[in-house]
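Residue numbers (this note's numbering), protein chains in the order written: chain A, 1 to 314; chain B, 315 to 628; chain C, 629 to 942; chain D, 943 to 1256; chain E, 1257 to 1570; chain F, 1571 to 1884. All residues carry an ideal CB built from backbone N, CA and C; glycine is no exception. Given the structure is predicted, the values throughout are model-derived calculations rather than measurements. Structure, as structure tokens:
Number of protein chains: 6
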Amino acid sequence: MSLVTFGETALRFAPPDGQRFETAREVRMRADGTASTVAATASRLGGDAVWLSKLPDTPLGRRVVAELHEHGLETDVVWADADDGRQGLTFYEDAAAPRADRLLQDRGDTAMATLTPGEIPMGRIQNADVVFTAGSMAALSATAAETAGALLRAAPGMRALDLDYHPGLWSAEAAHDTLSDLFDAVDLLFASEDQAKAVFDKTGRPRELVHTLAAEYDFSRVILTRSEHGVVAYHDTVVHEQDAFETAAVDSSGQHAALVGAVLQRLADGAPTDDALAYGSAAAALTRTMPGPLTPLEQAEVERLVESQSDRGR
Amino acid sequence: MSLVTFGETALRFAPPDGQRFETAREVRMRADGTASTVAATASRLGGDAVWLSKLPDTPLGRRVVAELHEHGLETDVVWADADDGRQGLTFYEDAAAPRADRLLQDRGDTAMATLTPGEIPMGRIQNADVVFTAGSMAALSATAAETAGALLRAAPGMRALDLDYHPGLWSAEAAHDTLSDLFDAVDLLFASEDQAKAVFDKTGRPRELVHTLAAEYDFSRVILTRSEHGVVAYHDTVVHEQDAFETAAVDSSGQHAALVGAVLQRLADGAPTDDALAYGSAAAALTRTMPGPLTPLEQAEVERLVESQSDRGR
Amino acid sequence: MSLVTFGETALRFAPPDGQRFETAREVRMRADGTASTVAATASRLGGDAVWLSKLPDTPLGRRVVAELHEHGLETDVVWADADDGRQGLTFYEDAAAPRADRLLQDRGDTAMATLTPGEIPMGRIQNADVVFTAGSMAALSATAAETAGALLRAAPGMRALDLDYHPGLWSAEAAHDTLSDLFDAVDLLFASEDQAKAVFDKTGRPRELVHTLAAEYDFSRVILTRSEHGVVAYHDTVVHEQDAFETAAVDSSGQHAALVGAVLQRLADGAPTDDALAYGSAAAALTRTMPGPLTPLEQAEVERLVESQSDRGR
Amino acid sequence: MSLVTFGETALRFAPPDGQRFETAREVRMRADGTASTVAATASRLGGDAVWLSKLPDTPLGRRVVAELHEHGLETDVVWADADDGRQGLTFYEDAAAPRADRLLQDRGDTAMATLTPGEIPMGRIQNADVVFTAGSMAALSATAAETAGALLRAAPGMRALDLDYHPGLWSAEAAHDTLSDLFDAVDLLFASEDQAKAVFDKTGRPRELVHTLAAEYDFSRVILTRSEHGVVAYHDTVVHEQDAFETAAVDSSGQHAALVGAVLQRLADGAPTDDALAYGSAAAALTRTMPGPLTPLEQAEVERLVESQSDRGR
Amino acid sequence: MSLVTFGETALRFAPPDGQRFETAREVRMRADGTASTVAATASRLGGDAVWLSKLPDTPLGRRVVAELHEHGLETDVVWADADDGRQGLTFYEDAAAPRADRLLQDRGDTAMATLTPGEIPMGRIQNADVVFTAGSMAALSATAAETAGALLRAAPGMRALDLDYHPGLWSAEAAHDTLSDLFDAVDLLFASEDQAKAVFDKTGRPRELVHTLAAEYDFSRVILTRSEHGVVAYHDTVVHEQDAFETAAVDSSGQHAALVGAVLQRLADGAPTDDALAYGSAAAALTRTMPGPLTPLEQAEVERLVESQSDRGR
Amino acid sequence: MSLVTFGETALRFAPPDGQRFETAREVRMRADGTASTVAATASRLGGDAVWLSKLPDTPLGRRVVAELHEHGLETDVVWADADDGRQGLTFYEDAAAPRADRLLQDRGDTAMATLTPGEIPMGRIQNADVVFTAGSMAALSATAAETAGALLRAAPGMRALDLDYHPGLWSAEAAHDTLSDLFDAVDLLFASEDQAKAVFDKTGRPRELVHTLAAEYDFSRVILTRSEHGVVAYHDTVVHEQDAFETAAVDSSGQHAALVGAVLQRLADGAPTDDALAYGSAAAALTRTMPGPLTPLEQAEVERLVESQSDRGR
């Protein structure tokens, strides 16, 4: 199978050990983007995956790509002139409950906001079994939103979209309006339960929500992640559920994207939905045990964890 | 409202990550004093608060003040000549259960032990709505104990005292004897349950303890903190209770002083006792999620946490 | 004397130990602004100084102010709504020769770019003995440039400007055009030799350059810093020179602004030019021995260093 | 009492904070050997203990001994020429559940593999009340296995062996075959439940297992550790059980060896089995609260923890 | 041009800040191999370069490749089973003069020692313009030495060898004997002056040494690096010399390999020898300003440095 | 030979990287005492050395001894009850020129100030070839000064004293008065040139100073260290001089004590003065290349450095 993902990957700054920016001195830098984490996860689990993007040719843009390469991901990047667009940045405060995590978006005027279909190696899209992008891309600019639509429409196989909704980027209404224009070119919708409820302005139980969304927007699959409550999927009139694996979490960031990457990799390999959800949940659980959004997941351990579940199930 | 606190703030050294001094190489330095944390908390929650103290004019004394300023606290410090008194120091080993935390006091011959009322800007005391000090100040020297008494007696509004009892500073008997001379000038007594039982040589249930102490010493309010068991307060014949907010704690130091600061800030603003205890507990919980005794608490998040409790209560 | 400075202070990120962003994982955060460092230096050397600015009310904006307070600086900040303007950022790679330092400016759409004179506490300007700003402020927007002019024109005493020219912010031509409109309101011009040559498109020896600039633009004083080559000043037809103090440098950032702050503090106190230059050079030298643009300089050691020079001179 | 232990102590490298070697940059170095941790624990709890070994006279070999000395352990080391044998190394990835810890053994051709009885100060063995070694020593080479047997047979008092089985060193079958030759010279067998089941190819309940092993191999005592499930011991037809002390664990490494050291110290002092198990469990629990396999345990706190259990038991 | 390099890359451990292993606690991990640094340098300077090697499929082997990928190097690795060979390790103590650096080799029984020509993608060798290896590879085993010879002989274009002699790996005599068998298949010999003198048992001036070696072994080019004394090259009866660029060195490791990579890249592009030496020296100088053997060198800055030299030369 | 040293060893706190306490967050802890560094150096260079002292039985006192043991030093410590005396502390700011280093002494009421001869294992003194102490010990209290005198007088062999004068401990006059009472029991006086001039209130050239001091106080040897200017010694009417070895210094602390330890070790072994001074200077130079007052010096490298000097001298 071959997976192509595209979307903006920000450079994330985060103080360590529960500190806040207000009084921190040292911060950690990490590449942070749904599309790149999805591709990296699929690739580490044995898939043939590549990430397409546009970045400024600056130390910050090169920093993003160096980390993706370190994790073994193949990239195909349009390098923008330094004056042509900024590197997208995020500032993240990880917090223990009951303090809430805080994510500051600083992604105005980024290079990715200027991406046009003509800059992309379109052959990669046209030869892919699965094409994936994140809704956040459409928040960057009208150009970016149009490019996202054009690329999805050019994709011959399965088209997957993650809502990837962040209040700091745009409002739920704006997200809904813009993304609605893309939905006809989307076969599989991923979302966290919270994001789905916000963007689609829905309430109700997850089992009903996946059904409603599939019906309303004619998605062939809808997959809702619910953190420690597991994942719920709709496909072909059937609702599938998978419990989350219990973890002594180190860092919860990246778990959703890891699930998406593992699910896409298994689906593309022809696995049934339940199997794909199990792999996705295992990948998410293992990702939680390692720091950073992008983690050195290993295929064998994902498989072992899935099997340990089957063993218990017997 | 305006709050004035006075008391010694030590410089605390602590090895990271569960290490002990015996084999540690690097230690973290933090300003650590009940009176300054109380004022800083009240100030960050919107109050007009200032901390008065006496410190040696050395790199260590200046270090204490720099950290307080970083957190936005207004200070009014009598700077002692370097030969005139040491900077008080504490050495702290934070331990996971069942290992006990260890706090080594090294506070002999400090500058604060020589503080006389004449050195203090008395106008600040006389214009304050609330004056607060910590019992530990009276442990430093007879001079310091007398000064504490003189300042409390000069205060026109509410006078609050925290027991702040540390076995390494003096015995429970000595604390009781010395502090008893101050109690007539105290309206509101704060204490942790353990410290109250040690100093007053009492046993029994917290609800009864607050009642007994108020009756015996004629305090108008007694507020007892009980860590994860919440807080119990006596006021005007009524006993109030507030549960603790559950936290995935990062560092438990400073939580008691944060509660005191938040409670004083709310009481001074005219809030009823229950409301003040809720704010205090929320401030304590959020403080536990951040490293260090002094934390960059934010007013809005304390309010959100208090509201989330009210929501659940409905 | 009283000094008021205004200008944008960025949050600077820099990898440690000669690393580059491309492969770094941890970066250090520091407040980095000429106007704030000038005020902080003057304040630490005994002056009465305050820094005025506009910052977004976000964790990043608050971070800048917390560091300035930690160093003992008084601030008066207009807090902008988070959506109203970004926090200015810089990304800095410190390099050993022959590798060149690299400074990436990321200061588009900052809160400070929207500052109007009406937002500023104008009384502070009108009561100041000396008012200082940095040329970089005029690069942020036409609004900011106009505000800078308005404030300088409202100042009743000495008006000082530092060129503070950064190629990543604007071109030398643009800097010259915009700043030229301010020069009539400037009594004292500071610049590094390199920046002066670039912005004024001049060559030649520093002694001649200060003379030429003073004549051409009618500055009463021109002070040119030349790093390890010392400083050259023009005042009242006389050219003054001061050698640099030799240092085993730890971090060269902040040395120029420290010199400016110390010179302004001495001039405002009525010291003759030679004396002010000696203090400025000593402050710059000591700043080079400490990490970061903003350093905990002490008045006594600046004086000792100036005296050691006088001793050697005899 | 006097305890002599012998065995290889590896130098362990481990990335911090849940990271993996694949993407880590900094790793922590620690001495890691069952025999040295057993001796160090006994010594810190008041015993007279020494550790015998053979190490290469290289920076790595000296590193191991420096850390043991820092913890107060007496050592008697045969220093091998640098070309004569390597320093044993291990590479450890500590993982939060459900990710499994990973321990890579790199202990081929070590100096210890060449140890012969003639190199050992045999008087130390002959005068010891208790001699202890770890089964891993026999995995290093036939020479090392023979030396282990010779030393145990030369010991006049109690002879104790810990299985110390690591799959990366040898197979369970090989371990069983080689160690079986030593069992006649062993009075007391320690093992973790998992290791015992693997090496002896047994299943079943721990209470039965200790009985079976004692009967089959004629051990006078068998002590099985079960992590959070406590410890089970067989002695003189009686099975003893001790619950584990609950801990908020920081680092689980070293807990088994700490238990063994504490148990041996108490048994050698003539304490009854139940008492020894309580001390061992307390030592294990406290070791879990500190980083590293070798921890600065204190005798007084072990005693306090044992007493707190007795108090609860009443 | 296309460059193929092959050779073992060790994982290097080094304590920071002038510390020694004996008392260090944290060490830094870096990929350290001449062949991979040569290829990475050529690649970063615009060349088409790939590194071939054999590594164990363990966390340590994967660590090496992840770092190479992070620096943008293309790799083609034969992954050995974990039991089939170790990851080569080095332990390095960087020392300020007059203390000598210390490099401990721990490279017995590595996976690379088992590499046979049949495992290598021979097409890469046969299509390369330049093939490079390091003499250290031949020290690993007779198999590795034979493989090195076979690959060099299969190369159709320029064959380059770096002596890469380390006393901890083998003796000078053994190195000379084994490498002599390869020399007929080598066109270009690189060596540091010290290594050349040791292996070839020569004394005398560098200008004569390059001449003698070329004549004796029929190399078409000999390039001798002399650290701060520059580089000397022989080609076609002419001796070329290039001064070293002065640097405020951060870390001297990797400078020789960076020079080799830059020289090969320029020669392959058809540049004359003097030009290649200038680029090589500039690459070495910039590498010294960054930590680690492998550095994020940039093509533009190498070119600027070379040009700055030309400017001065005029 | 056997060397016994006694004196107080403080626990030193120092911020890293040129930082000051005022704004530092993390500080490094090191054992810092002349007597212990002298003994440790002699021991690492092959001598039989032990350090005697009195320390509080607290985490801080144990920390001092753990570090000394890590460096291989034998200690014989009188453990004082925690209430009986503090652990001596120093606070150190290492500064690049022209900023001056800063050393804050916090050594009032230490355990060592109460040491009486009866507490010391007097047999160790009586069997030593050389007994050494530091003048700072006499500054602690009259008791400590008397004990120092009593121990020196009980020593049968060579008695050596280092002035070890620190202005923060006592005045030069007080030092002179108190130490003068000890001089009759001192054969060999060590001092840095600056300290000697301050305490003895002398000026003049070092060659004359050693002569004068020996004559005035009847010392058989006087050895004056002059940092980068080498060392000057007087013995038996002859003045000896030794140049300093040039170093790229990492940390200058400990170099004087390392020289003293190496000189004593060589003298006790019967080496001539010139030889002892060469060893001392080499030990000092190597110590400067490693962080901390106490460094893992190796005998072989001291010898190599001494020989390299002899080679150059030929």
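Take residue i and list the residues in its own chain whose beta-carbon comes closer than 8 angstroms to its own, dropping the five residues that flank it on each side.
i	result
B/Gln440	Ala468, Ala469, Pro470
Answer yes or no: do residue i and residue j have a C-beta to C-beta separation smaller than 9 angstroms?
i	j	result
B/Thr561	A/Ala248	no
B/Met451	B/Thr461	yes
A/Arg324	A/Leu55	Lying before the first or after the last residue shown, residue 324 of chain A is absent from chain A, which here runs from 1 to 314.
B/Ala324	B/Gly399	no
C/Ser820	C/His868	no
C/Thr761	C/Leu791	no
F/Gly1862	C/Val878	no
C/Leu895	C/Leu797	no
B/Val552	B/Tyr593	no
F/Ala1601	F/Thr1575	no
Should residue i be flagged as near chain C, meaning a C-beta pair shorter than 9 angstroms?
i	result
F/Ala1666	yes
E/Thr1269	Looking at the sequence shown, residue 1269 of chain E is not Thr but Phe. No, no contact with chain C.
E/Glu1557	yes
Go through its chain and collect everything with a Cβ distance to residue i's Cβ below 7 angstroms, but skip five positions before and after it.
i	result
E/Tyr1473	Phe1439
D/Thr1215	Ala1175, His1177, His1182
Would residue i pass as an interface residue toward chain F - the criterion being a Cβ-Cβ separation below 9 angstroms?
i	result
C/Met918	yes
C/Ser880	no
Is there a Cβ from chain E that is less than 9 angstroms from the Cβ of residue i?
i	result
F/His1641	yes
A/Glu93	no
D/Leu1046	yes
Take residue i and list the residues in its own chain whose beta-carbon comes closer than 6 angstroms to its own, dropping the five residues that flank it on each side.
i	result
A/Gly261	Val38, Thr41, Ala42
Does residue i have its Cβ less than 9 angstroms from a Cβ in chain D?
i	result
F/Pro1866	yes
E/Asp1357	no
Beta strand (DSSP E) runs contained entirely in the segment 682 to 738 of chain C, provided each spans 3 or more residues: 702 to 708, 717 to 721, 730 to 734
Against chain B: residues of the segment 1587 to 1611 of chain F by CB proximity under 7 angstroms: Arg1590, Phe1591, Glu1592, Thr1593, Ala1594, Arg1595, Glu1596, Val1597, Arg1598, Met1599
Within the segment 143 to 209 of chain A, ranges of the alpha helix (DSSP H) (whole runs, at least 4 residues): 172 to 180, 193 to 200
Chain-ordered residues of the segment 999 to 1033 of chain D with a beta carbon less than 7 angstroms from chain E: Thr1000, Pro1001, Leu1002, Arg1004, Arg1005, Ala1008, Arg1028, Phe1033
Interface residues of the segment 521 to 539 of chain B facing chain A [CB-CB below 8 angstroms]: none
Runs of beta strand (DSSP E) lying entirely within the segment 1470 to 1556 of chain E, each at least 3 residues, in chain order: 1477 to 1481, 1487 to 1491, 1494 to 1498
Residues in the segment 734 to 754 of chain C having any Cβ partner in chain A nearer than 7 angstroms: Asp734, Gly736, Asp737
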